[in-house]
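The numbers in this note's numbering rise by one with no breaks, and the one at position 105 of the sequence shown is 109. All C-beta atoms, glycine included, are put in the ideal place defined by N, C-alpha and C. For clarity, every value in this text was computed on a predicted model and none was experimentally measured.
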Amino acid sequence: MPNPSLNYTTKSKYFKINTTIEIGKNTNTKTNGLDSTGNIPKTQDSNEFTPLNYNIRIENISKEKLNNIKIVVFLDKGLEPYIISGLVYFGTPIQQRIDLNAPNTKKKDNCIDVSRSAWLPNLSQIDADERQKILDSIKKPIKLIIKWDGGEEDLLLQNFDIKMY
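Here it is as structure tokens:
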């Protein structure tokens, strides 16, 4: 869970970050789109749910290679009662070793996408107050913790692109 004593900043020294949030876009994924219920066909073919997708592109803009990157994303806790799985955090697999090279014109091996697909109740079938609570929580800043060998940044993402379908 996020540590309240961390000093979150909105400006990164090492990374350029681009965040996209999509509400209501059915991505039809069969792999990473699994919510903890594990029942993707039921959720996709039903009017009961609205898909919620987060994609955060993290690009190393420093002059050095950053080794053993670990990323954790924390969404607003106000989403907890609404996301079907109840999980308001996601990130890179803890056992996976990820290195981001310094920017290089030939290769794009200085970027990583961290994404999450989740399910909300159908926004068109809940009352306006509940819908507004969900939308307000989605618009709140996202906490992003990036650690690597020899460094850490604790970022507050505030300016992101929200697309509604």
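Residue pairing by DSSP places Arg135 in no beta bridge whatsoever. Taking 8 Å as the cut-off, the beta carbon of Lys69 is found closer than this to the beta carbon of Ala106. For Leu83, the secondary structure class from DSSP, reduced to helix, strand or coil, is helix. With respect to the 8 Å criterion, Thr24 and Asn59 are classified as neighbours on the basis of their beta carbons. A residue is called buried when at least 16 other Cβ atoms come within 10 angstroms of its Cβ; Leu139 does not meet this threshold and is exposed.
Going by DSSP, Lys167 is part of the beta strand (DSSP E) stretching over 165 to 168.
Taking C-beta atoms as the reference points, Tyr18 and Ser89 fail to come closer than 8 Å. Residue burial is scored here from C-beta neighbours: Tyr169 has fewer than 16 other C-beta atoms within 10 angstroms and is therefore classed as exposed. For Lys15 and Leu127, the gap between their C-alpha atoms comes out near 33 Å.
Spanning the alpha carbons of Glu84 and Asp153 requires a straight line of approximately 32 Å. Setting aside the 5 residues that flank it on each side, Ile87 is surrounded in the same chain by Ala122, each with a C-beta closer than 6 Å to its C-beta; the list follows chain order.
Take Asp80, set aside five residues on each side of it, and the residues of its chain with a beta-carbon closer than 6 Å to its own are Ser141, Lys144, in chain order.
At least 8 Å separates the beta-carbon of Asn51 from that of Asp158.
Sorting Glu156, Ile21, Ile150 by C-alpha distance to the C-alpha of Glu63 places Ile21 at the top. Annotation for Ser121: the continuous beta strand (DSSP E) segment containing it runs 115 to 125.
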